Amino acid sequence: NAGVTQTPKFRVLKTGQSMTLLCAQDMNHEYMYWYRQDPGMGLRLIHYSVGEGTTAKGEVPDGYNVSRLKKQNFLLGLESAAPSQTSVYFCASSTAPDRVGNQPQHFGDGTRLSIL
Amino acid sequence: GQSLEQPSEVTAVEGAIVQINCTYQTSGFYGLSWYQQHDGGAPTFLSYNALDGLEETGRFSSFLSRSDSYGYLLLQELQMKDSASYFCAVRSFMFSGGYNKLIFGAGTRLAVHP
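Protein sequence lines correspond, in order, to chains A and B. In case it helps, our numbering puts the first sequence at residues 14 to 129. In case it helps, our numbering puts the second sequence at residues 83 to 196.
Below, the structure is given as structure tokens:
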């Protein structure tokens with residue numbers, strides 16, 4: 014069982030370059046999320062999606078774009094990378110909340126991105 | 083505003099019990115979750131509390147007091163493999179679409195020693 018798969022696992026970019034991070038889930042989850050994790054700051058939500066074809070902004074959306082063309086895939090794009098975007102990026106997916114609001118998120122192993 | 087506070091580090095010995103506290107300030111609170119993350123790994127879901135009281139799952143328990151805006155994660159019979167970071171997270175209606183979002187605390191790093 015693959016769960017949530019992120020590619021690539023590591024990447025080094027130069028300032029101004031663009032790239033796309035891919036997230037794929039095989040659990041038929043409706044909801045998908047992109048987070049970034051920086052030392053001492055926990056996980057911060059960048060963008061999320063509650064279904065195919067829909068996306069919404071999270072806490073720190075600036076400098077990122079996303080697309081959810083297929084239910085199983087959620088892409089995160091950096092159009093012009095900046096050193097401040099050096100971070101570990103996690104993708105997660107979940108079902109809709111249950112009757113008490115529980116909605117465990119399943120995370121990928123992360124993408125470690127360095128921007129020089 | 084919206085904020086979560088948890089201790090940055092906790093140290094304990096094998097076999098002991100440790101409690102990791104989380105206080106939150108938010109409007110439209112819906113529930114409190116806990117996640118575990120080992121170094122270099124992915125966060126994994128541990129527990130969720132929507133109502134006041136204690137939820138037990140094996141060696142781990144989680145507690146919530148909505149009136150005090152406070153919760154904790156209790157780890158019993160600590161093992162070396164429990165050394166990890168633990169994050170509390172809240173779901174609230176603070177922002178548009180807030181129901182579908184989790185806001186995470188900065189995490190508590192637990193070190194278990196022999």
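Yeah, the Cβ is synthetic: ideal placement off N, Cα and C, and Gly gets one too. Fair warning: this is a prediction, and the values are worked out from it, not measured in the lab.
- Between the stretch 93-103 of chain A and the stretch 158-174 of chain B, the count of C-beta pairs closer than 8 Å stays below three; the two stretches do not touch.
- Distance between residue 174 of chain B and residue 135 of chain B, taken at the CA atoms: about 19 Å.
- Neighbours of residue 186 of chain B in chain A, taken as residues whose beta carbon is under 7 Å from its own, are 55 and 56 in chain order.
- Within the same chain, Cβ atoms closer than 7 Å to the Cβ of residue 56 of chain A are found at 48, 50 and 103, the five residues on either side in sequence being excluded.
- For residue 67 of chain A, the enclosing beta strand (DSSP E) begins and ends at 67-70.
- Residue 113 of chain B is bridged by DSSP to B:173.
- With a minimum length of 3 residues, the unbroken runs of beta strand (DSSP E) contained wholly in the stretch 93-139 of chain B fall at 100-107, 111-119, 126-131 and 135-139.
- Proximity of chain B to residue 117 of chain A at the Cβ level (cut-off 8 Å) is accounted for by 115, 127 and 130, in chain order.
- Under DSSP, no beta-bridge partner is assigned to residue 55 of chain A.
- Proximity of residue 169 of chain B to chain A, defined by a Cβ-Cβ separation below 8 Å, is satisfied.
- Chain order gives no chain A residues near residue 154 of chain B, where near means a beta carbon separation below 9 Å; the closest approach is about 17 Å.
- In terms of Cβ geometry, residue 93 of chain B and residue 193 of chain B form a close pair [threshold 8 Å].
- For residue 162 of chain B, the secondary structure class from DSSP, reduced to helix, strand or coil, is helix.
- For residue 50 of chain A, the secondary structure class from DSSP, reduced to helix, strand or coil, is strand.
- For residue 25 of chain A, the closest Cβ of chain B is not nearer than 8 Å.
- Residue 80 of chain A and residue 108 of chain A have their alpha carbons spaced roughly 19 Å apart.
- By the Cβ neighbour-count rule, residue 129 of chain A is exposed, with fewer than 16 other Cβ atoms within 10 Å of its own.
- At least one beta carbon of chain A lies nearer than 8 Å to the beta carbon of residue 124 of chain B.
- In terms of Cβ geometry, residue 131 of chain B and residue 114 of chain B form a close pair [threshold 8 Å].
- Using beta-carbon distances, residue 106 of chain B does not count as an interface residue toward chain A, since no partner is under 8 Å.
- Contact between residue 121 of chain A and residue 25 of chain A is absent: CB atoms are separated by about 19 Å, not below the 8 Å threshold.
- For residue 173 of chain B, the C-beta contacts it makes with chain A under 7 Å involve 114, in order along the chain.
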